[in-house]
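Below you'll find the structure, written out as structure tokens, and then a few comments.
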Ligand SMILES: [Zn+2]
Ligand SMILES: [Zn+2]
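Residue numbers (the working numbering): 323 to 745.
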């Protein structure tokens with residue numbers, strides 16, 4: 323009998339099959355944590371050699387940010403995700419690593435509009451993990467672009483550290499679940515404001531939860547979305563592309579492309595279309611009867627209007643919350659969240675917008691001040707990484723890690739020279 327031993331602890335990914343499922347990037351940070359090493363160490367010494375791919379190997383061993391910048395791909399469905407699944411599965415001797423990514427959704431939706439490029443989190447989830455003495459980890463659902471809110475706590479996901487105001491990549495050399503990767507500030511907290519239920523999008527949290535479950539757990543045939551779209555255009559809109567385009571709120575040519583399968587409908591559109599048909603994703607794929615009852619009248623007249631009509635109470639409430647809680651949102655971000663035009667906001671709510679703009683600019687200013695401190699920390703880290711590799715921390719090598727041209731700025735160059743008295 324031969325016993326297979328894993329190179330790394332075979333810790334279990336959390337919440338497999340549930341809406342709470344962990345992301346692969348989170349799993350990697352927990353692996354690093356369990357072995358008391360950094361994500362950077364695990365990347366350089368274990369993952370990169372296994373991948374034996376120059377593009378990752380070089381970047382990871384030099385320590386550049388290139389790889390970390392695009393680390394969201396680890397949780398996706400492309401080649402990077404496949405490579406990481408294979409390596410992590412072999413390092414941990416586990417067969418369930420795939421479930422922490424979006425590989426099931428390949429062929430269903432395009433890359434565009436699928437994943438956020440940076441790190442987002444729900445402070446309530448972190449806090450709940452901590453207080454219930456469960457493992458603190460990051461959820462796969464937080465990485466999806468159209469998912470602005472936590473599926474459990476119904477609060478807006480955050481992407482800025484409250485302490486140093488940094489935004490982060492999905493994976494960083496020193497990532498730790500629940501903590502800022504730059505200043506190590508705890509990112510969890512209880513939500514104290516009034517509940518912001520349903521202010522942000524028309525889909526309820528329940529329907530988003532069901533959507534997420536089906537989206538990540540079911541397996542889909544290629545072209546299934548285009549077949550379903552064709553089916554519903556025939557069945558519910560008498561085969562009229564014009565009527566269907568009006569109803570769904572997309573241009574005829576866009577809808578035509580999705581129907582013919584020349585383009586894949588992005589995730590946001592898929593959520594939108596299924597919710598307007600009042601169907602679950604699985605029912606939509608199986609082409610079950612849609613619950614919508616349409617009279618010709620509704621299709622022709624009222625719906626195009628409904629499409630542009632905005633719920634101003636919700637917008638107003640939201641602006642109020644943003645102002646009172648000083649959430650550092652820009653107007654464009656708010657417009658995106660509220661699914662409306664930026665212009666509409668500035669024209670209809672000039673006073674609110676002015677205040678929001680001031681808050682936002684203030685936060686940008688704080689961010690700028692903190693940036694100096696963070697950059698110095700980055701220089702420290704780079705010197706440390708290089709010395710650990712037995713490499714002399716020259717200006718060129720440091721810049722390969724922290725970004726080219728950084729040491730052109732005098733204050734940073736001075737700082738680097740101070741840390742290297744032998745220069
Ligand atoms: Zn949450
Ligand atoms: Zn921070």
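Ideal Cβ positions, reconstructed from N, Cα and C, are used throughout, including at glycine.
Next item on the list: Report all residues from its chain with a CB closer than 7 Å to the CB of residue 477; omit the five preceding and five following residues, and keep chain order.
Entry: 444, 446, 471, 513, 518, listed in sequence order.
Checklist line | Spatial neighbours of residue 353 in its chain, beta-carbon cut-off 6 Å, leaving aside the 5 residues before and after | finding: Around residue 353: 330.
Notebook entry, point to check: Measuring CA to CA, which of 456, 418, 503, 468 is closest to residue 433?
Noted result: 468
Note to self: Quick check on DSSP: helix, strand or coil for residue 755?
What the structure shows: What the structure shows of the chain is the stretch from 323 to 745, and residue 755 is not part of that stretch, so it cannot be assessed.
Next item on the list: Quickly, what does DSSP pair residue 769 with across the bridge? List them, please.
Entry: With the chain represented from 323 up to 745, any question about residue 769 goes unanswered, as that position is not in the structure.
Note to self: Let me check you understand the geometry: is the CB of residue 444 closer than 7 Å to at least one non-hydrogen atom of ligand 1?
What the structure shows: yes
Item checked: Nearest-angstrom Cβ-Cβ length linking residue 335 and residue 422, presumed shorter than 8 Å -> 5 Å
Item checked: residue 529 to residue 596 span [Cα, whole Å] -> Here the alpha carbon of residue 529 sits roughly 10 Å from the alpha carbon of residue 596.
Notebook entry, point to check: For residue 704, which residues from the same chain have a beta carbon less than 6 Å from its beta carbon, with the 5 sequence-adjacent residues on both sides left out?
Noted result: 720, 723, 724
Next item on the list: Kindly indicate the opening and closing residues of the alpha helix (DSSP H) around residue 600.
Entry: Residue 600 -> no alpha helix (DSSP H), and no H or E assigned at all.
Notebook entry, point to check: Grouping DSSP H, G and I as helix and E and B as strand, with all else coil, what is residue 466?
Noted result: strand
Check: When burial is assigned at 16 or more other CB atoms within 10 Å of the CB, is residue 523 buried or exposed?
Finding: Any reading at residue 523 is ruled out, since the residue's pLDDT is 45, under 50, leaving its predicted position unreliable.
Next item on the list: Considering only heavy atoms of ligand 2, list every residue whose Cβ is less than 7 Å from one of them, following chain order.
Entry: Going by the Cβ distance cut-off, the answer is 483, 485, 486, 488, 502, 504, 505, 507.
Check: Between residue 336 and ligand 1, is the CB less than 7 Å from at least one heavy atom?
Finding: Answer for residue 336: no, Cβ out of range of ligand 1.
Notebook entry, point to check: Going by the CB atoms, is the gap between residue 587 and residue 580 shorter than 8 Å?
Noted result: yes
Item checked: Range covered by the alpha helix (DSSP H) that runs through residue 411 -> 401-414
Next item on the list: Please state if the CB of residue 542 and the CB of residue 613 are separated by a distance shorter than 8 Å.
Entry: no
Checklist line | Reference residue 343; option with closest CA among 436, 397, 371, 369 | finding: 397
Item checked: Boundaries (first-last residue) of the alpha helix (DSSP H) holding residue 363 -> Element bounds for residue 363: 361-364.
Margin query: I need the straight-line Cα distance from residue 357 to residue 363, nearest angstrom please.
Written below: 10 Å
Notebook entry, point to check: With burial defined as no fewer than 16 other Cβ atoms inside 10 Å of the residue's Cβ, what is the status of residue 487: buried or exposed?
Noted result: buried
Checklist line | Residues bridged to residue 478 [DSSP beta-bridge criterion] | finding: 471
Check: Alpha carbon to alpha carbon, how far is residue 345 from residue 474?
Finding: 16 Å
Margin query: What would DSSP say about residue 331, mapped onto helix, strand or coil?
Written below: coil
Check: Which residues bound the alpha helix (DSSP H) around residue 509?
Finding: Where residue 509 is concerned, there is no enclosing alpha helix (DSSP H), given that its DSSP letter is neither H nor E.
Checklist line | residue 498 in three-state terms, based on DSSP | finding: Residue state, collapsed to three classes: strand.
Item checked: residue 415 and residue 548 closer than 8 Å at C-beta -> Contact flag unset, no.
Checklist line | Distance between residue 505 and residue 728 (C-alpha atoms, nearest Å) | finding: Rounded to whole angstroms, the separation of the alpha carbons of residue 505 and residue 728 is 20 Å.
Next item on the list: Could you give the DSSP three-state label for residue 560: helix, strand or coil?
Entry: coil
Notebook entry, point to check: Which residue's Cα is closest to the Cα of residue 489: 650, 675, 709?
Noted result: Residue nearest to residue 489 within the set 650, 675, 709 is 650 (criterion: CA-CA distance).
Note to self: Please tell me whether, using a cut-off of 7 Å, the distance from the CB of residue 447 to the nearest non-hydrogen atom of ligand 1 is below it.
What the structure shows: The beta carbon of residue 447 sits closer than 7 Å to at least one heavy atom of ligand 1.
Next item on the list: Report the partner residues of residue 731 according to the DSSP bridge assignment.
Entry: None, per the DSSP bridge assignment.
Next item on the list: Locate the alpha helix (DSSP H) running through residue 483, then write down its first and last residues.
Entry: Segment: none, residue 483 is in no alpha helix (DSSP H) and carries neither H nor E.
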